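Novice: Structure provided below as C-alpha cells; questions to follow.
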Amino acid sequence: MRALALHLGLLAVLLALHFVLPAYHHGNLARVMVLASFAMGYNILFGYTGLLSLGHALFFAAGMYGMGMSVQHLGLSAGSALVLGVLAGAVVSGALALLALRTSGVAFMIVTLMFAQAGYLTILHFSEWTRGDEGFVLAQAGRMFWGVDLSDPNARYLAALMLFGICLMLSLWLVRAPFGRVLVAIRENEERVRMLGYDTFAHKLAALILSGTMAAAAGAAYGILFGYVGASFAAVQYSILPLLYVLLGGAGTVLGPFIGTLFMFYLIDLSSGITTAYMLIAGIALVMLTLFAPQGIMGELRRRLWKGLP
Amino acid sequence: MDLGPYLVLATLEGAVTAAVLALTAVGLSLVFGVMRVVNIAHGEFFMLGAVLAWWVATSLGGHPALGFGAALIAAPLIVGALAMAADMTILKRLDYDPERTIVATIGLLYIIQQLTLMGYGPEARPVEAPFNTRLAIPWFEHGPEGWQMIWPWGLGTTSYKLVVIGAAVLILCGVWAVMARSRLGLVMRATQADREMAQAFGIPVERVYAITFGLGAGLAALAAVLIVPIQQAHYLMGADPLLLSFIVVIIGGLGSLPGTVLAAVLIGLSDGIISVFFSPTLAKIIATLLVALVLVFRPQGLFGKRAA
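Chains as they are written, first to last, in this note's numbering: chain A, 4 to 313; chain B, 793 to 1100.
Have a look at this one:
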C-alpha cells in the first residue's frame, strides 16, 4: 500500500511539475521520462532477472526504426507506427532471446553486444532507406496522434508522462506478481528454481521479451516525441547508458531507473557545458559505482531505511 | 589489373592486418585466460599506444627512426604500467568478479578515451615510418612470346610493412617462449589452472594478475606502435581492434594462445580479401554475426577442445 502510494505520488509530482517548470527543464524532464522508460525495461532483465545485456540499443533502435520507417516509407499515422515499432521490438527481442539465452554469464554479455553491433551496422549498411548516420527528421504530419500534435512541448510532456506512468505501474505490478518473484529467484539461484519445478528458460524468455518490448516502446516514443530517427541511437553507447542509469539508481528497484536517469542526465548536461568529453563523467560514474556502491541510490535506501521497497 | 595481382595485394595487406591483430588479440586472450577478466578497455590501450607513439616521436624530433625506436620501447612500457595501476586500484578491489569487471572496464574505456580527447584532441595524426622503401612485385603472364615477367602498376608493398609482419612473428615467438619456458610463464599457467591452489603454494597471485594485465595491455600498445606509421593515431581508433580481437579470441577458443594466433591469421587474411569484394560494413556485419553464433553454438571456439 505504501509502495503504491509512493509511486502514484511520484507520478502526481511529475504532473504538477508540468505546470511550474521553466521551458528548458520541462523539455529535459520529458526526455528523462522517456529514457527512464527505456531504463525500466532494462531493469526488468538486469535488475530483477540478473541477466546483464550489453545490447539493449538494438531494441531501442528496433522500436525507433520500426516506427520511423513506417511513417517515412509507408506513410502510416503516428498511432499505427507506434504499434508497429513496439511489435518490431517484440519480434527482435524474441529472436535474440531464443539465441542468446542458450548462453549465460560473460558469453551472454558478449553475444548481446555482438548482435546489437550487427544491428547497428545493418542500419548503416542500408543507408538508402535508413539514411545511416545522418538519420532523418520526421515530418510534422507523421507526429499527429489522435489529433494531438506531439511536437508541441506541452503535449510532448504529457505523452512522455503517460508512457512513463504505464511502464512504472507495469514494473511495479510485475515485480510483486508471482511471475516477478520467480524472476528474482532466478537471479538469486537459477539451479534451485529449476529444481523447484519452474521452467527457468520460459521465464527468462518472457523477461527478455518484456524488457526488449518496453525498450522498443521507449525508442518509438523517443522518435515521435523528438522527431528524429538516427543510427547513433543504435550504437554501443545506447546499450551502456541504460546499464549506467540502472546501476546508478539501483538495480532491482522500481524507482531506481528513473532516479538514475535523472541524475545522470543532469550530470552529463552540466558537464557538456564545460567540455566536449562529457562521456568521461559516464566512465568515472561506472567505475565508482562498481567499486563503492554496487547497490545504487535506491538500493542503499532500501538497505538502510525501507526494507520492503519494491 | 587482373584478379591475380589484386589477390596478392589483398593477401599482403591482410597479412599486415593479421600480424597486428594477432598481437592485440593475444594480449586480450592472455588476460582472459589467466585472469578470467573480459577487458572491454583493451582497444583503448591499443589507442593509447598509438597516441603515445605520436607523442614520443614528435617530442624527440630528429630522424624518424630515432623517434620510432623510442616509441617502440616507451609506449608499451607506459601503457603496461597504467594498466597495472588500473588493475591494482580497480579490478583487484572488485575481486575479479566477471560481470562487475566488465562494467568497470567499460567505465575505464570511456575514461581513457575521453581523457585522450581532452589532452590530444580529435585530430588524426601520423607517425613517420623509420624506413619506407617501395618494393614492386613481379608478376608472370602468358603472352604471345610464352611466359614473361611483368611489373604490374600498383602491385607492390613497402619494406616497412614486411618488417611489421616479421616483428609480429618475432614478438609472438617471444610471448610463447615466456609462457612455455620461463618461470614467469610457469607461474602464470599455474594461476590460470587453479588460482587458489597456486596461492596455497605461495605464488603471489595478485602480483601475477597485475603483471598479466600489464603484459596484455603492453602487447596491444606494441601492436599499435607498429601500425601507427601506416594508420594514423586517433582517439576513436580503439573500437575496431577491440571488436576484431574479440572475434579472434572467440573464434580461436577463449584463452587458448595457439588458437588465437591461428584465428588472427584467418580473420586478418580474409578481412583483407573479403573487403576487396564486399563493402567493409557488410564484411563487419557478417563477422559480428559469425562471432555471436559461434558463442551460441560452439562456446569453446572453432579450434578449442574443452569448454572455456
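The C-beta atom is built at its ideal place from N, Cα and C for all residues, glycine as well.
Everything numeric in this text was worked out from a predicted model, so none of it was measured.
Could you tell me the distance, in whole angstroms, from the CA atom of Leu-318 (chain A) to the CA atom of Ile-271 (chain A)?
Specialist: There is simply no residue 318 (chain A) to check, as chain A begins at 4 and stops at 313 in what is shown.
Novice: Closer than 8 Å, Cβ to Cβ, to anything on chain B: give me those residues from the stretch 81-105 of chain A, in chain order.
Specialist: Going along the stretch 81-105 of chain A in chain order, one finds Leu-102, Ala-103, Arg-105 with a Cβ nearer than 8 Å to chain B.
Novice: So, is Lys-207 (chain A) buried or exposed, given that buried needs 16 or more other C-beta atoms within 10 angstroms?
Specialist: Within the first sequence, numbered from 1, the residue matching residue 207 (chain A) stands at position 204. Classification for Lys-207 (chain A): buried.
Novice: How about Arg-917 (chain B): is its C-beta nearer than 8 Å to some C-beta of chain A?
Specialist: Within the second sequence, the letter at position 125 stands for residue 917 (chain B). Chain A contact via Cβ: absent.
Novice: If we count Cβ pairs, one from each stretch, closer than 8 Å, do we get three or more for the stretch 65-77 of chain A versus the stretch 127-144 of chain A?
Specialist: Yes, the stretch 65-77 of chain A touches the stretch 127-144 of chain A.
Novice: Using a beta-carbon distance below 8 Å, is Lys-1076 (chain B) in contact with chain A?
Specialist: Working through the second sequence from its first residue, we reach residue 1076 (chain B) at position 284. Yes - at least one Cβ of chain A is within 8 Å of the one on Lys-1076 (chain B).
Novice: Per DSSP, Ile-942 (chain B) is paired with what?
Specialist: Translated into positions along the second sequence, residue 942 (chain B) becomes position 150. DSSP, once it has assigned bridges, lists B:Trp-931 as partnering Ile-942 (chain B).
Novice: Once DSSP output is grouped into helix, strand and coil, what is the label at Arg-987 (chain B)?
Specialist: Taking the second sequence and counting its residues from 1, one reaches residue 987 (chain B) at position 195. Three-state DSSP puts Arg-987 (chain B) in a helix.
Novice: Would you give the residue range spanned by the alpha helix (DSSP H) that Ser-851 (chain B) belongs to?
Specialist: Looking up residue 851 (chain B) in the second sequence gives position 59. It spans 834-852 - the alpha helix (DSSP H) in which Ser-851 (chain B) sits, taken as one unbroken run.
Novice: What does Met-910 (chain B) reach in chain A if we use C-beta pairs closer than 7 Å?
Specialist: Here residue 910 (chain B) is taken as the residue at index 118 of the second sequence, counted from 1. In chain order: Thr-278, Ala-280.
Novice: Any residues in the stretch 819-836 of chain B with a beta carbon nearer than 7 Å to a beta carbon of chain A? Which ones, in chain order?
Specialist: Correct list: Val-830.
Novice: For Met-839 (chain B), which residues in the same chain have their Cβ closer than 6 Å to its Cβ, ignoring the five residues on either side in sequence?
Specialist: Start at 1 with the first residue of the second sequence, and residue 839 (chain B) comes out as number 47. Once the five neighbours on either side are set aside, the close Cβ partners of Met-839 (chain B) are Met-1029, Gly-1030.
Novice: Grab the span of the alpha helix (DSSP H) containing Ile-995 (chain B) for me, first residue to last.
Specialist: If you number the second sequence from 1, residue 995 (chain B) lands on position 203. Counting along the chain, Ile-995 (chain B) falls outside any alpha helix (DSSP H), and DSSP gives it neither H nor E.
Novice: Helix, strand or coil for Asp-152 (chain A)? Go by DSSP, reduced to three states.
Specialist: The residue you call residue 152 (chain A) lines up with position 149 of the first sequence. Strand, per DSSP.
Novice: Quick one: complete alpha helix (DSSP H) runs, 4+ long, within the stretch 175-212 of chain A?
Specialist: Qualifying alpha helix (DSSP H) stretches, in chain order: 181-191, 193-198.
Novice: Residues of chain B with CB under 8 Å from Val-140 (chain A), in chain order?
Specialist: What you label residue 140 (chain A) is simply residue 137 of the first sequence in a count that begins at 1. Correct list: empty, because the minimum Cβ distance to chain B is about 23 Å.
Novice: Are the beta-carbon atoms belonging to Gly-66 (chain A) and Ala-221 (chain A) less than 8 Å from one another?
Specialist: Residue 66 (chain A) sits at position 63 when you count from the first residue of the first sequence. Residue 221 (chain A) sits at position 218 when you count from the first residue of the first sequence. Yes, Cβ-Cβ distance for Gly-66 (chain A) and Ala-221 (chain A) is below 8 Å.
Novice: Which residues does DSSP list as the beta-bridge partners of Val-232 (chain A)?
Specialist: Along the first sequence, read from residue 1 onward, the residue named residue 232 (chain A) stands at position 229. Note: Val-232 (chain A) sits in a beta bridge opposite A:Phe-139.
Novice: To the nearest angstrom, how far is it from the Cα of Met-301 (chain A) to the Cα of Gly-168 (chain A)?
Specialist: By 1-based counting over the first sequence, the position of residue 301 (chain A) is 298. By 1-based counting over the first sequence, the position of residue 168 (chain A) is 165. Distance between the alpha carbons of Met-301 (chain A) and Gly-168 (chain A): 19 Å.
Novice: Is it buried or exposed for Thr-897 (chain B), if we count other Cβ within 10 angstroms and need 16 for buried?
Specialist: Within the second sequence, numbered from 1, the residue matching residue 897 (chain B) stands at position 105. Buried, since its Cβ has 16 or more Cβ neighbours within 10 Å.
Novice: Using a Cβ distance threshold of 8 Å, determine whether the stretch 807-821 of chain B contacts the stretch 1032-1039 of chain B, with at least three qualifying pairs required.
Specialist: As far as the Cβ criterion goes, the stretch 807-821 of chain B touches the stretch 1032-1039 of chain B, which means the pair count is three or higher.
Novice: With respect to the alpha helix (DSSP H) encompassing Asn-31 (chain A), which residues constitute its N-terminal and C-terminal limits?
Specialist: Taking the first sequence and counting its residues from 1, one reaches residue 31 (chain A) at position 28. Note, Asn-31 (chain A): alpha helix (DSSP H), 26-46.
Novice: Would you say Val-1083 (chain B) faces chain A, with C-beta separation under 8 Å as the test?
Specialist: The residue you call residue 1083 (chain B) lines up with position 291 of the second sequence. Yes, Val-1083 (chain B) counts as interfacial toward chain A.
Novice: Who are Arg-926 (chain B)'s beta bridge partners in DSSP?
Specialist: For the purposes of this step, residue 926 (chain B) is taken as the residue at position 134 of the second sequence. In the DSSP output, where bridge partners are listed per residue, Arg-926 (chain B) has B:Thr-950.
Novice: Helix or strand or just coil, what does DSSP make of Ala-1025 (chain B)?
Specialist: Position 233 of the second sequence, counted from the start, is the residue given in the question as residue 1025 (chain B). Reduced to three states, the DSSP call for Ala-1025 (chain B) is strand.
Novice: Out of A:Phe-129, A:Tyr-45, A:Ala-180, A:Ala-15, which one is the CA nearest neighbour of Leu-161 (chain A)?
Specialist: Mapped onto the first sequence, residue 161 (chain A) falls at position 158. Leu-161 (chain A) has its Cα closest to that of A:Ala-15, out of A:Phe-129, A:Tyr-45, A:Ala-180, A:Ala-15.
Novice: Taking a cut of 7 Å between CB atoms, which residues from the stretch 1003-1022 of chain B lie near chain A?
Specialist: So the list is empty, because no residue satisfies the distance condition.
Novice: Determine the closest residue to Gly-82 (chain A) out of A:Gly-92, A:Val-151, A:Leu-38, A:Tyr-51, with distance taken between C-alpha atoms.
Specialist: Working through the first sequence from its first residue, we reach residue 82 (chain A) at position 79. Nearest of A:Gly-92, A:Val-151, A:Leu-38, A:Tyr-51 to Gly-82 (chain A), Cα basis: A:Val-151.
Novice: Beta-carbon of Pro-890 (chain B) versus every beta-carbon of chain E: anything under 8 Å?
Specialist: This model lacks chain E altogether, as its protein chains are A and B.
Novice: Return no unless some Cβ of chain B is closer than 8 Å to the Cβ of Leu-283 (chain A).
Specialist: Counting from one through the first sequence, the residue named residue 283 (chain A) turns up at place 280. So yes, Leu-283 (chain A) belongs to the interface.
Novice: Using alpha carbons as the reference points, say which of B:Glu-805, B:Val-1053, B:Gly-806, B:Ile-1078 lies closest to Ile-963 (chain B).
Specialist: Taking the second sequence and counting its residues from 1, the one referred to as residue 963 (chain B) is at position 171. Closest option to Ile-963 (chain B), Cα to Cα, is B:Val-1053.
Novice: Give the list of continuous alpha helix (DSSP H) stretches no shorter than 4 residues that lie fully inside the stretch 236-271 of chain A.
Specialist: List check, alpha helix (DSSP H) in window: 240-252.
Novice: Buried or exposed: which applies to Leu-900 (chain B), given that a residue is buried once 16 or more other Cβ atoms fall within 10 Å of its Cβ?
Specialist: In the second sequence, residue 900 (chain B) corresponds to position 108, counting from 1. Buried.
Novice: If we cut at 8 Å on Cβ distances, does Gln-298 (chain A) have a partner in chain B?
Specialist: Your numbering for residue 298 (chain A) matches position 295 in the first sequence. Not one chain B Cβ lies under 8 Å of Gln-298 (chain A).
Novice: Taking all protein chains shown into account, do 16 or more other C-beta atoms lie within 10 angstroms of the C-beta of Lys-310 (chain A), making it buried, or fewer, making it exposed?
Specialist: Taking the first sequence and counting its residues from 1, one reaches residue 310 (chain A) at position 307. Burial call: exposed.
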